[in-house]
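Below: one structure, written as structure tokens.
Protein chains: 2
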Amino acid sequence: MENNRITGLLGIKYPLVQGGMVWCSGWRLASAVSNCGGLGLLGAGSMHPDTLREHIRKTKAATSGPFGVNVPLMYPEIEEVMRIVVEEEVPVMFTSAGSPKKWTPYLKDHGIKVVQVVASSLLARKSEDAGVDAVVAEGFEAGGHNGREETTTMALIPTVRDAVSIPVIAAGGIADIRGYRAAFALGADGVQMGTRFALCRESSASEEFKAYCRGLAEGGSRLLLKKMVPTRLVDNEFSAKIAEMEAAGAGKAELEAFVAKGRAKLGMFEGNLQEGMLEIGQIASIVKEEESVADIFASLGLA
Amino acid sequence: MENNRITGLLGIKYPLVQGGMVWCSGWRLASAVSNCGGLGLLGAGSMHPDTLREHIRKTKAATSGPFGVNVPLMYPEIEEVMRIVVEEEVPVMFTSAGSPKKWTPYLKDHGIKVVQVVASSLLARKSEDAGVDAVVAEGFEAGGHNGREETTTMALIPTVRDAVSIPVIAAGGIADIRGYRAAFALGADGVQMGTRFALCRESSASEEFKAYCRGLAEGGSRLLLKKMVPTRLVDNEFSAKIAEMEAAGAGKAELEAFVAKGRAKLGMFEGNLQEGMLEIGQIASIVKEEESVADIFASLGLA
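These protein sequences, in sequence, are chains V and L.
No gaps in the numbering here: position 25 of the first sequence is 25 in the numbering used here, and each next residue is one more.
No gaps in the numbering here: position 18 of the second sequence is 1018 in the numbering used here, and each next residue is one more.
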């Protein structure tokens, strides 16, 4: 799979992207992935703008390879983030959770490649129309924020492939060489892996969180918060309370009041496994070892 | 993929099984699939025992190839079904929605191959322990009855593959050559396709239902009835009412009272698209043509 449309577009050796995940994807993870020939991403969603700038600079110091930043477009200080990535000459931006129309022209004008994360062929087409260079098509099994359609990777990739002509990166449910190969069989040009990288040594998540998620039972995560932004949460006391409220018919306002700010940091970064919010993909069930980024690339035959 | 563990086990030319689906899988569909070199299945779930016997006899008259019967183990007259399949010398039984312990020894004693449908590696292991010959591992994206874990095909197949040593047939989200190849990449030994066969010419479903489901929008079906048996339903007035009741916190008894018997027949067989219950998989979004079973095999390169 070397020398395909994604490696050419992003200037990388292997068509493998590491998902930009809140509380997991700092400079250590992103630079390690880029040094192995993939595309490392910083997860701006959990960083203050100043922290993001610091991580960008540390990434540049730690790798000479291309890297990128993932930012959810609903990020409150989005203007600040966009100013920083231009100033710091970040080569690639992954944008998610919002319309690609507003920022794509700005980023492209500054020579930045733009990849939009989508969960439907409708948004994939809109993204192509907005001028993005590629899309990540992410299925229901992925961790964290998720599409309302609940379309799985198996159903989504062929549909998106048929809907657009730009390159498609498959995400959701991919954590070993079997999933990696299946993604290309489905029509993808590249793969984005989140879960396996979130649980590896260079991830900035707490060791408690990583140990809790490795080998997670099937059904050990649930898509909840559908009245807010659908989000895949790992089972714990916090998610059980949300599920209970939802089963009893709780509305959006009631849920928002319960899901106070800081819960994701508390769980994923500080390791409070019961009171915090934990996000991981279904495929955590096959991730069992404590390993490095280099181990992951080697296990995929990318070395 | 000819001459692998599934073709050897089932005595078929290609490792492709047609799902045994209520109101779709009668003798016309099953015999056409078996005549093309796959394994056709009768869907006993929507047949009275006498009707099942009639369909078995018509299938035997229409094909000399192996075929099978799928029966949900919660079928009310299950003893009668088991007696009939032994009397009629059905070569293969697919059992679903229940424990494989009770009937597997009986069927095996009568020389019948047994394949259990599972949605988790836990049930896959239990099925192997109970002596079944193979499992169908069916993901969240599949139509109709579904697992509580909500594990997708992409995440389920590698997990089940690692959990058992008997052959694994992948199901859920597979409708073209891309999904077919991806299933083998994920570690499956065979493929079960439901949706695409449900919508083809030989399916006994109503033409109104087939036309409604072809090219279904992404997000056009939902996993509902989680307080009863989780079931993927196509969006219509009937499913909208269920979703509304569930969002308002309706309990099991209230839902059961609303989902009266006969709704699936009304929708899928009689073509009442708004008041009936419609079941199809997510991958209906890529099934667009009116076609025959032979067309399907040819498009998969199985001819």
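Note that the Cβ used here is the ideal one computed from N, Cα and C, for glycine as well.
| Query | Result |
| --- | --- |
| Residues within the region 119-153 of chain V neighbouring chain L, beta-carbon criterion of under 9 Å | Ala119, Ser120, Ser121, Leu122, Gly139, Phe140, Glu141, Gly147, Arg148, Glu149, Glu150, Thr151, Thr152, Thr153 |
| Exposure label - Ser239 (chain V); buried when at least 16 CB within 10 Å | buried |
| Residue burial classification, Glu1138 (chain L) (beta-carbon count within 10 angstroms, cutoff 16) | buried |
| Interface residues of the region 273-296 of chain V facing chain L [CB-CB below 7 Å] | Gln282, Ile283, Ser285, Ile286 |
| Separation of Lys1113 (chain L) from Ser204 (chain V), as counted between CA atoms | 50 Å |
| Under 8 Å between C-beta atoms of Glu1279 (chain L) and Ala1257 (chain L) | no |
| Thr159 (chain V): contacting residues in chain L (beta-carbon distance under 7 Å) | Glu1218, Ser1285, Ile1286 |
| Beta bridge counterpart(s) of Ala170 (chain V) as assigned by DSSP | V:Ala137, V:Val191 |
| Between the CA atoms of Arg161 (chain V) and Leu1009 (chain L) - distance to the nearest angstrom | 35 Å |
| Ile1006 (chain L): contacting residues in chain V (beta-carbon distance under 7 Å) | By Cβ distance, chain V contributes nothing, its closest Cβ being about 17 Å from Ile1006 (chain L), past 7 Å. |
| Residues that DSSP places opposite Leu223 (chain V) in a beta bridge | V:Arg232 |
| Backbone secondary structure at Val164 (chain V) - three-state DSSP | coil |
| Identity of the residues DSSP links to Ser96 (chain V) by a beta bridge | V:Pro72 |
| Near-chain L residues of the region 175-188 of chain V - C-beta to any C-beta below 7 Å | Asp176, Arg178, Gly179, Arg181, Ala182, Ala185, Leu186, Gly187 |
| Rounded separation between Gly35 (chain V) and Gly65 (chain V) - CA only | Correcting the residue identity first, residue 35 (chain V) is Asn in this sequence and not Gly. Cα-Cα distance, rounded: 6 Å. |
| Terminal residues of the beta strand (DSSP E) in which Val118 (chain V) lies | 113-118 |
| Minimum C-alpha distance to Leu78 (chain V) - residue among V:Pro91, V:Thr59, V:Leu107 | The question names Leu, yet the displayed sequence has Ile at residue 78 (chain V). Closest by alpha carbon: V:Leu107. |
| One or two residues paired with Phe1258 (chain L) in a DSSP bridge | According to DSSP, Phe1258 (chain L) bridges with nothing at all. |
| Contact residues within the region 230-254 of chain V, judged by C-beta distance below 7 Å to chain B | Absent from the structure is chain B; the protein chains it does hold are V and L. |
| Chain V contact for Ala1155 (chain L) (CB, 8 Å cutoff) | yes |
| The region 24-38 of chain V / the region 111-131 of chain V touching (three or more Cβ pairs under 8 Å) | no |
| Straight-line Cα distance separating Gln192 (chain V) from Phe297 (chain V) | 13 Å |
| DSSP three-state assignment for Gly1271 (chain L), whether helix, strand or coil | coil |
| Candidates V:Lys13, V:Ala188, V:Gly143, V:His48: closest to Val311 (chain V) by CA position | Here chain V covers residues 1 to 303 and nothing more, so residue 311 (chain V) does not appear. |
| Separation of Val293 (chain V) from Glu202 (chain V), as counted between CA atoms | 7 Å |
| Buried or exposed by the 16-neighbour rule on C-beta atoms within 10 Å, applied to Ser1285 (chain L) | buried |
| Within chain V, the residues that Gly1194 (chain L) reaches when beta carbons sit closer than 7 Å | Result: empty, since nearest Cβ-Cβ is about 13 Å, beyond 7 Å. |
| Length of the line joining the Cα atoms of Thr1231 (chain L) and Gly1147 (chain L) | 9 Å |
| Cβ of Gly301 (chain V) within 8 Å of any chain L Cβ | no |
| Below-8 Å beta-carbon distance, Asp1050 (chain L) vs any chain V residue | no |
| Enclosing beta strand (DSSP E) for Leu16 (chain V) [first to last residue] | 16-18 |
| His145 (chain V) - partner residues in DSSP beta bridges | V:Thr231 |
| Close Cβ partners of Gln235 (chain V) (< 6 Å) along its chain, the five nearest in sequence each way excluded | Reading off the sequence shown, one finds Asp at residue 235 (chain V), where the question assumed Gln. Excluding sequence neighbours, Asp235 (chain V) sits near Gly220. |
| For Lys210 (chain V) and Val980 (chain L), the rounded distance between their alpha carbons | Any property of residue 980 (chain L) remains undetermined from this structure, which presents chain L solely from 1001 to 1303. |
| For Gly1008 (chain L), the first and last residue of its enclosing beta strand (DSSP E) | Premise fails: Gly1008 (chain L) lies in the alpha helix (DSSP H), 1005-1010, not in any beta strand (DSSP E). |
| Distance CB(Ala182 (chain V))-CB(Ala1250 (chain L)) smaller than 8 Å | no |
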